[in-house]
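Protein chains: 2
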Amino acid sequence: MTNENNTLANKRHTLAHLLAAAVIKKYPDVKLTLGPAVDNGFYYDIDFGDTKPEEKDLKDFQKNMRKMLSSWKEFTHQEVSIDEARELYSDNQYKLELVNEIAERGEKITLYTCGDFTDLCRGGHTDNPAEEINGKAFELSHMAGAYWRGDEKNQMLTRIYGIAFDTPEELAEYKEMLEEAKKRDHRKLGQELDLFTFSPLVGSGLPLFTPKGTLIRDLVIDKIQNIQKEYGYQKVTIPHITKKDLYEKSGHWEKFGDELFKVKGQSDTEFVMKPMNCPHHTQIFAGKPRSYKDLPIRFMESTMVYRDEQAGELLGLSRVRSISQDDGHVFCTPEQMKQEIKNIVNVIKEFYTSLEMLEDGKYWVSLSVRSEEKADKYLGDTSVWDKAEAVLEEVAKEENLPYKRVEGEAAFYGPKLDFQFKDALGREWQLGTAQLDFVMPARFELEYTDNDGEKKTPVMIHRAVAGSLERFMAVTIEHFAGAFPFWLSPVQVVVMPVNDEAHSEYANDVLQQLTNAGIRAEYADATESLGKRMRNAKKEKVPYIFVLGDKEKNSNTITAEGRNGEKLEDLSVADFMEKVTK
Amino acid sequence: MTNENNTLANKRHTLAHLLAAAVIKKYPDVKLTLGPAVDNGFYYDIDFGDTKPEEKDLKDFQKNMRKMLSSWKEFTHQEVSIDEARELYSDNQYKLELVNEIAERGEKITLYTCGDFTDLCRGGHTDNPAEEINGKAFELSHMAGAYWRGDEKNQMLTRIYGIAFDTPEELAEYKEMLEEAKKRDHRKLGQELDLFTFSPLVGSGLPLFTPKGTLIRDLVIDKIQNIQKEYGYQKVTIPHITKKDLYEKSGHWEKFGDELFKVKGQSDTEFVMKPMNCPHHTQIFAGKPRSYKDLPIRFMESTMVYRDEQAGELLGLSRVRSISQDDGHVFCTPEQMKQEIKNIVNVIKEFYTSLEMLEDGKYWVSLSVRSEEKADKYLGDTSVWDKAEAVLEEVAKEENLPYKRVEGEAAFYGPKLDFQFKDALGREWQLGTAQLDFVMPARFELEYTDNDGEKKTPVMIHRAVAGSLERFMAVTIEHFAGAFPFWLSPVQVVVMPVNDEAHSEYANDVLQQLTNAGIRAEYADATESLGKRMRNAKKEKVPYIFVLGDKEKNSNTITAEGRNGEKLEDLSVADFMEKVTK
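Line order of the protein sequences matches chains S and Y.
Using my numbering, the final residue of the first sequence is 565, and nothing's skipped along the way.
Using my numbering, the final residue of the second sequence is 565, and nothing's skipped along the way.
Okay, structure coming up:
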């Protein structure tokens, strides 16, 4: 017997059948609908009628699945006619709908049977579940409501979720990761660290950033803008709305018009909230005549864009309606393209190096190019595309980027380099990007006078370093579990006198020295016990706690405890400064 | 004969009659409508029918006015019945409308005659125009279209404007001021200095700030925020939209709902663009429990608000739809109120001192308090108001502010201190403000736990230093005629080698020294003549031009020309730095 069907996806799909069989055993009158394999396991959507399955049922289903598994030794299948299928599912409107759709597409209708359970199915199971599936490597995790086919106009069903892996060890590892992710959940940590809040009066997806959250945002923006200044980027400022004419010209209105927030005042003018900044930035470029001597022109701006995300899809800072972009656009000649892309790559490298997120194996770069199949979806000249893709690949090679060509991932307006980061839990996030654009400059009729006196169209490069600041914060809070690198910590040091009377003068002196040196230091006086103060500071993941008592006062030194357990003793404040700025 | 009627307003009103008489003389068939005195003179709105008056006509009217003036020695008036008036104006629908309105109000209908010209009028003229009005102290300035009664649904009339003063000298002075204002017009200078631009695709009232304009904005914001940091202000960040629920709670929806920009996505949720930041900031305060130990809490944020200004009222940066506020809100106990107001006054003082706009006679402060007549329009307890007004007055006294109590100028939610500045042309602008608010904290049910364990409502203080950055830029561009103080100049020094071959190395070295010292310096190489380069730099109002030739190179010094004509010689770069940072 070959084992080519023994994939994890097939195991998961098989387990969905097994789940359905266990449910039917306890509740013979439920109506089964659909039960696919998913990323971490499987689920089955079931219409329980008037029954309300409970937590206890989940346990029973799982127990029964394990029991039945030993008798599931082989899948058989048979083709049935449409009439047979309709007869079979005459009292299940969901399966009936599926049967009719299969018939309409002119495909075969197949039933798969294992043990004494039969289901409408296209196949894709393990050959011998009893032997190939480890009963300890799966479990039912939870239930939730789900509309039939995801449409809220349809019947609400019960979705039962299971997680499944090849081995019990992998299952345990996954559960541990989930547990860790829960602890690191940025919504929970964000509140504990007092970084942001939401107000029901303001609305979901619209975070309000507290002083500490704003400080982190500003530190990120300042870091990126300072790095970029070296490469000649200049800040510009645009409003958050525009007449819709801007997007009619850019083409976004036709493509994304429905998804934009519309703005209406008392006049007839139709305004729109900007979902991106590039069209506005073209208008600053177009604001005066440009010569080849002025290029490259590099604009940067940290500003909010607005997207009409569905309420159900909003999630903490990961998915919001007000999106802060650290945006940037370069207008240059075709000859300058390569150097500008290189500069952007270097900005991204320098920024993520400061976060220690750029180590080997922690990231890769997608060289996102056209797919040959769908050549017609890309705008612009083939030879220009060839050139542009070649330039990006040259940069990727010369900068030693761990890159892969990914076909079909280019934007319709040009190819790009997308930086993909793996976080501490192994999850992958796209953050930085550099994208060539041959379409927008032409649409907006941007031009510069070249040294031969001719009017030419500049190339436009879109780039993001942190991407959306909200998503960046969500990712980094979870990646660092709230323990941000020293430079990014809202509070870097908490200074604690052992007792107020004897040590507050010295402790305040140390605090002042730190503040003067540009360290963000807080003071915790001794109205609370040292133990409690230390627990508070640790909960806030403050990088260093200074505990100052007689010993420190008499020797004019500090004793510092790092949040990673590191202990620094007999240091002067200057020594400490030298250590942390290194 | 008493001269109590010999006011400038009466002269101007008289001149409106004289203008009408001159027009009638040349075009007997026109229909007169309304002709009042205004701030700088007078105008008359006239229906010229099919005739189109031209520039030449203006000259004729003016000539005739002066000629007729000598015969205008006395005004007489008579009361007429409504029927007589209707008969008199039977072929002038405008006057007829006025007559009917006067009759409806039950007032007398009066006709005033001087020379051989009679007009429907309430009076208010000089007794003897020929003697009291100086024929050289007025002139007709221009014509423009104006709708009857300002309503665009009505007939378009021709408005003829005149300017008039007591003496020819005052007229000349005013015209000179106008000429100067024209030269300083921030829309013209803004373009010349490349500070901002508008795009017809984005829309009017929505400025796009170029790198130099953004730099000025950022310098202003940084300066204010740095001063404020000393007083414990912390930056926060809010989105630009909110559910309308926020403004229903604050009361703004009821008061200003029509004037807000409405935002609509695909869902039913009704969003609004924020026209102010205070309600959002209350929600950050409300985001976690607060103790008296946490107070005062001081939020600051530089952010754009949006107001649906009518297209016809938009003007450069003076009146825009996207308004950048350097906003700030303090939440404190009643006991802390006075010190917080003092701090705000000191921030405003320090900021405007850096602009040399706080000299004696250049500003005054309005202590804006309740009016006794309309006591019911103010919300909150009388005793609280008394206390608050007293606190503001104490601060004004202790800080030696040149203040005046202005009754009836308080906001409905509390009294305030408004800083009024006079610009170089003598025009007055309100920029900084500190406002006490007893209403909003209660509406949002904000609270803190006091040291007695009781829940109490904090006092809220609204404050602005620069006010709207757009209006601040419009005012300062015109006040300084583009020649910003050194710290606020986008480019502070232009370095020019006399010729490239001999001096570029030295000039670049100087440029580098300046840049390293934090000076914003640009380089102008010798591809253009020294004269042309200097003219360009002067047009851009750059504070200092360094011209570097043999003499400077050999002695390792600089020669600098200040934009005010000042000449600095034989200075080292260090000497220069010392001079300008002083």
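We treat Cβ as the ideally placed atom computed from N, Cα and C, and that holds for glycine.
Sort out for me which residues DSSP pairs residue i with in a bridge.
i, result
"Q217 (chain Y)", "Y:F282"
"Y346 (chain Y)", "Y:F404"
"V288 (chain S)", "S:I306"
"K247 (chain S)", "S:E253, Y:K245"
"K399 (chain S)", "S:S351, S:Q418"
"T96 (chain S)", "S:T59, S:T101"
"W412 (chain S)", "S:F404"
"V442 (chain Y)", "Y:C315"
Which chain S residues sit within Cβ distance under 8 Å of residue i?
i, result
"T252 (chain Y)", "G186, A294"
"T193 (chain Y)", "V219, I267, G270"
"F241 (chain Y)", "Checking the sequence, you will find Asp at residue 241 (chain Y) rather than Phe. Residues of chain S passing the Cβ test: Q249."
"D291 (chain Y)", "G248, Q249, S250"
Under three-state DSSP, which class holds residue i?
i, result
"I29 (chain S)", "strand"
"N539 (chain S)", "coil"
"Y335 (chain Y)", "helix"
"V13 (chain S)", "coil"
"G532 (chain S)", "coil"
"V255 (chain S)", "strand"
"K232 (chain Y)", "helix"
"E552 (chain Y)", "strand"
"P262 (chain S)", "helix"
"F239 (chain Y)", "helix"
"A500 (chain Y)", "coil"
"Y72 (chain S)", "coil"
"R(-5) (chain Y)", "helix"
"A127 (chain Y)", "strand"
"L140 (chain S)", "strand"
"T150 (chain S)", "coil"
Along chain S, which residues have their Cβ under 7 Å away from the Cβ of residue i?
i, result
"R200 (chain Y)", "T220"
"H263 (chain Y)", "V185, L191"
"D134 (chain Y)", "The contacting residues do not exist; D134 (chain Y) stays about 15 Å from chain S at best."
Could you list which residues in chain S have their beta carbon closer than 9 Å to that of residue i, in chain order?
i, result
"K245 (chain Y)", "K245, V246, K247, G248"
"K232 (chain Y)", "L184"
"M593 (chain Y)", "As shown, chain Y starts at -16 and ends at 565. That puts residue 593 (chain Y) outside it, with no answer to give."
"S305 (chain Y)", "I221, P222, H223, I224"
Can residue i be considered in contact with the ligand ATP, in the sense that its beta carbon sits closer than 7 Å to one or more heavy atoms?
i, result
"S54 (chain Y)", "Judged by which ligands are present, the structure shown has none, so any question about the ligand ATP falls away."
Residues of chain Y with a CB under 7 Å from the CB of residue i: which are they?
i, result
"K226 (chain S)", "L184, V185, G186"
"T416 (chain S)", "Near T416 (chain S) there are no residues of chain Y at all, since even the closest Cβ is about 23 Å away, more than 7 Å."
"Y214 (chain S)", "Within 7 Å Cβ-Cβ: nothing; Y214 (chain S) doesn't reach chain Y, min ~14 Å."
"D310 (chain S)", "Result: empty, since nearest Cβ-Cβ is about 13 Å, beyond 7 Å."
"M256 (chain S)", "V246"
Starting from residue i, find everything on chain Y with Cβ-Cβ shorter than 8 Å and list it in chain order.
i, result
"K271 (chain S)", "D177, T180"
Taking Cβ positions only, does residue i come closer than 8 Å to chain A?
i, result
"D553 (chain Y)", "The structure shown contains no chain A; the protein chains it does contain are S and Y."
Listing by chain order, which chain Y residues have their CB less than 9 Å from the CB of residue i?
i, result
"T197 (chain S)", "Q217, K218, V219, T220, E284"
"A229 (chain S)", "According to the sequence displayed, residue 229 (chain S) carries Leu and not Ala. Correct list: S182, L184, V185, G186."
Cβ pair count under 8 Å reaching 3, the segment 496 to 516 of chain S against the segment 469 to 486 of chain S: yes
Three or more C-beta pairs below 8 Å linking the segment 468 to 482 of chain Y and the segment 337 to 349 of chain Y: yes
Cβ contact check for the segment 253 to 263 of chain S and the segment 221 to 237 of chain S: 3 or more pairs under 8 Å: Proximity of the segment 253 to 263 of chain S to the segment 221 to 237 of chain S meets the contact definition, three or more beta-carbon pairs being nearer than 8 Å.
Cβ-based contacts, 7 Å cut-off: residues of the segment 150 to 169 of chain S near chain Y: none
Sufficient close CB pairs (3 or more, under 8 Å) joining the segment 341 to 350 of chain Y to the segment 382 to 393 of chain Y: yes
Sufficient close CB pairs (3 or more, under 8 Å) joining the segment 211 to 219 of chain Y to the segment 373 to 380 of chain Y: no
Interface residues of the segment 420 to 451 of chain S facing chain Y [CB-CB below 8 Å]: Answer in chain order: no residues at all.
Contact between the segment 280 to 297 of chain Y and the segment 198 to 214 of chain S (3+ Cβ pairs under 8 Å): no
Sufficient close CB pairs (3 or more, under 8 Å) joining the segment 100 to 110 of chain S to the segment 132 to 139 of chain S: no
Contact between the segment 110 to 120 of chain Y and the segment 146 to 160 of chain Y (3+ Cβ pairs under 8 Å): yes
Inter-stretch contact at 8 Å, needing at least 3 Cβ pairs: the segment 426 to 443 of chain Y / the segment 260 to 273 of chain Y: Contact between the segment 426 to 443 of chain Y and the segment 260 to 273 of chain Y is present, with at least three C-beta pairs closer than 8 Å.
The segment 75 to 87 of chain Y touching the segment 5 to 15 of chain Y, judged by at least three CB pairs closer than 8 Å: Proximity of the segment 75 to 87 of chain Y to the segment 5 to 15 of chain Y meets the contact definition, three or more beta-carbon pairs being nearer than 8 Å.
Segment contact, 8 Å Cβ cut-off, at least three pairs: the segment 238 to 252 of chain Y with the segment 271 to 288 of chain Y: no
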